[in-house]
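Position one of the sequence shown corresponds to residue 22 (the working numbering), numbered consecutively onward.
Worksheet: one structure, shown below.
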Amino acid sequence: MFTEKEIAYIHSQHLARLATVSISGQTDVAPVGFRFDGNTFFITGFDITKTFKYKNVKAGNVLVSLVIDDLASVQPWMARGIKIHGTAEIVERDGRASLVIHPKRLWSWGVDDVAFKDGKPLSRKANQA
22 MFTEKEIAYI HSQHLARLAT VSISGQTDVA PVGFRFDGNT FFITGFDITK
72 TFKYKNVKAG NVLVSLVIDD LASVQPWMAR GIKIHGTAEI VERDGRASLV
122 IHPKRLWSWG VDDVAFKDGK PLSRKANQA
């Protein structure tokens, strides 16, 4: 589902924003740390069970959006990122809960124009506005 450049970009980032919806329809978006295995995202935390994101998924609203983005430069303006729509499930291992995000659809911008080495951007095509 992800291109090699998208995977390299994801691995170069440390934070994302995860959007969930409560049973009453209230949206919530929260910054999250994540781990990515090339297909699936894993969201953990000190005690994720006390968060809205966990409670919203536990209540049955499993549709989520995840955004990973940054500014490669502000002069010139070079935004890049990936937005993912997918589903979340709660997984418990060793008494610790986490959310597992299964991507279903994605959009990316500015990522294919950047080369990465060791998780750091090297260059960007000069013809990008």
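The C-beta atom is built at its ideal place from N, Cα and C for all residues, glycine as well.
Only a predicted model underlies this, so the values are computations on that prediction, with no experimental measurement involved.
Which residues DSSP lists as bridging residue i, in chain order
i: Thr108; result: Leu84, His123
i: Met99; result: Ser94
i: Phe57; result: Phe62
i: Ala40; result: Val50, Ser86
i: Glu113; result: Ala118
With 16 other Cβ atoms within 10 Å as the buried cut-off, status of residue i
i: Ser129; result: buried
i: Thr72; result: buried
i: Gly81; result: exposed
i: Ala100; result: exposed
Selected residue, minimal CA-CA separation from residue i, among the options
i: Val88; options: Gly102, Gln47, Glu27; result: Gly102
i: Phe63; options: Arg126, Glu113, Thr48, Gly131; result: Glu113
i: Asp115; options: His123, Trp98, Thr65; result: Thr65
i: Lys104; options: Pro52, Gln47, Ile28, Ser86; result: Ser86
i: His123; options: Ser94, Phe57, Pro97; result: Phe57
i: Lys125; options: Thr61, Gln47, Ser94; result: Thr61
i: Glu110; options: Phe67, Ser94, Asp68, Leu84; result: Leu84
i: Leu39; options: Thr48, Gln96, His32; result: Thr48
Interface flag, residue i vs chain B, CB-CB below 8 Å
i: Val88; result: Absence of chain B from the displayed structure is noted, only one protein chain being present.
Assumed close pair residue i, residue j - CB separation to whole angstroms, cut-off 8 Å
i: Gly59; j: His35; result: Incorrect: roughly 17 Å between the Cβ atoms, too far for contact.
i: Thr24; j: Asp133; result: 7 Å
i: Leu127; j: Met22; result: 7 Å
Exercise. Could you say if the region 70-80 and the region 38-53 meet the contact criterion of at least three C-beta pairs nearer than 8 Å?
Key: Segments in contact, yes.
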